[in-house]
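These notes concern the structure reproduced below.
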Amino acid sequence: MTEKENKEKNILIVYAHPEPTSFTGILKNQAVEFFTQQGHSVAVSDLYEMNWNAVANRTDFTKEVKGFFKLQLEQRQNTLIEEIKIEQAKVEKANLVIFIFPLWRLRLPAILKGWFDRVFSKACSQNQKITTPWSYQWPKLYNNGTFKEKKALLCVTTPEEKVVFSERGLFGNISKITYPLTHGCLYFCGFNILPPIYHYSINNEESQEKSLKAWGEKLEKAIDETPIEFNKLTDYGEGGLTEGKKTDFERIGEYL
1 MTEKENKEKN
11 ILIVYAHPEP
21 TSFTGILKNQ
31 AVEFFTQQGH
41 SVAVSDLYEM
51 NWNAVANRTD
61 FTKEVKGFFK
71 LQLEQRQNTL
81 IEEIKIEQAK
91 VEKANLVIFI
101 FPLWRLRLPA
111 ILKGWFDRVF
121 SKACSQNQKI
131 TTPWSYQWPK
141 LYNNGTFKEK
151 KALLCVTTPE
161 EKVVFSERGL
171 FGNISKITYP
181 LTHGCLYFCG
191 FNILPPIYHY
201 SINNEESQEK
211 SLKAWGEKLE
221 KAIDETPIEF
231 NKLTDYGEGG
241 LTEGKKTDFE
251 RIGEYL
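Structural data, given as structure tokens:
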């Protein structure tokens with residue numbers, strides 16, 4: 001492998017905003033342009049452009065599901081339809097996955113939640129046998145997870161001011177709001193979580209300029225940036241409790 005090949009990375013951008021010309025869309029375009037110019041391979045899953053189906057159900061499988069429907073059990077049969085396997089292949093290939101989306105009613109867009117429900121399945125995407133899961137299975141969780149060699153980054157936009165997302169603000173700490181995604185989904189499956197970047201007051205031109213500058217600086221260091229040091233599985237004792245250390249919920253709260 002040449003030095004150039006060794007430096008090239010596969011970047012997956014999962015983008016969820018219905019308006020391509022929105023500020024969120026501008027941030028997505030900036031990321032695509034930056035990594036492309038740096039010589040990296042960039043794939044984009046534009047969920048609204050793809051008209052992504054956010055509902056996980058019987059139609060996710062190539063074989064008819066008869067009787068009682070249990071989603072996780074079906075996901076382990078390797079009968080997922082092609083559109084889901086395509087997204088899984090993108091994740092498998094990526095060294096860094098960036099999620100770019102607006103915060104709506106203190107939640108991620110439903111279409112993105114549906115992407116996780118359908119793509120991050122407890123399933124083996126290539127093997128017919130029910131042995132190795134595609135994304136998670138005890139004890140392949142957290143630092144021992146399937147995606148422990150990959151990094152993940154959240155890029156989140158909101159029209160609200162930063163102060164309302166502070167620890168004592170009206171809406172509360174924004175990193176604790178996104179904790180179910182960073183920790184409950186991504187780190188759960190093994191991803192190394194980079195400190196998230198939040199873009200506040202995005203309807204304000206001055207704030208937009210600051211956000212674009214901050215985003216450019218974030219992109220510059222993203223590939224080599226040190227992930228958040230969450231607790232490891234071995235840090236938890238009997239009953240799943242950790243003692244003498246910060247909880248991961250406390251750790252994530254430091255990133256505003």
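Under UniProt numbering, the letters of the sequence shown match residues 1 to 256, in that order.
Glycine included, C-beta positions come from ideal geometry on N, C-alpha and C.
Counting only residues of its own chain and dropping the five nearest sequence neighbours on each side, residue 219 has a CB closer than 8 angstroms to the CB of 30, 31, 34 and 35.
As DSSP reads the structure, residue 103 sits in no beta bridge.
Taken through DSSP and simplified to helix, strand or coil, residue 63 comes out as coil. For residue 193, the number of other beta carbons within 10 angstroms of its own is at least 16, and it is reported as buried. The three-state reading of DSSP puts residue 173 in coil, since its state is none of H, G, I, E or B. Note on geometry: alpha-carbon atoms of residue 51 and residue 151 lie some 26 angstroms from one another. Under the DSSP definition of a beta bridge, residue 151 partners with 96 and 192. In this structure, DSSP gives residue 223 a state outside helix and strand, which the three-state scheme calls coil. For residue 197, the enclosing beta strand (DSSP E) begins and ends at 197-199. In summary, residue 60 is buried, with 16 or more beta-carbon neighbours lying within 10 Å of its beta-carbon over all protein chains present. A buried status is given to residue 28, since no fewer than 16 other beta-carbon atoms sit within 10 Å of its beta-carbon.
For residue 46, no alpha helix (DSSP H) run applies; the uninterrupted beta strand (DSSP E) run containing it begins and ends at 41-46, by DSSP. Put simply, the backbone Cα of residue 96 is about 7 angstroms away from that of residue 10. In the DSSP assignment, residue 29 falls outside any beta strand (DSSP E) and within the unbroken alpha helix (DSSP H) covering 23-37.
A straight line joining the alpha-carbon of residue 214 with that of residue 24 spans about 14 angstroms.
At the C-beta level, residue 155 and residue 120 stay beyond 8 angstroms of one another.
Taking C-alpha positions only, residue 82 is separated from residue 167 by approximately 43 angstroms.
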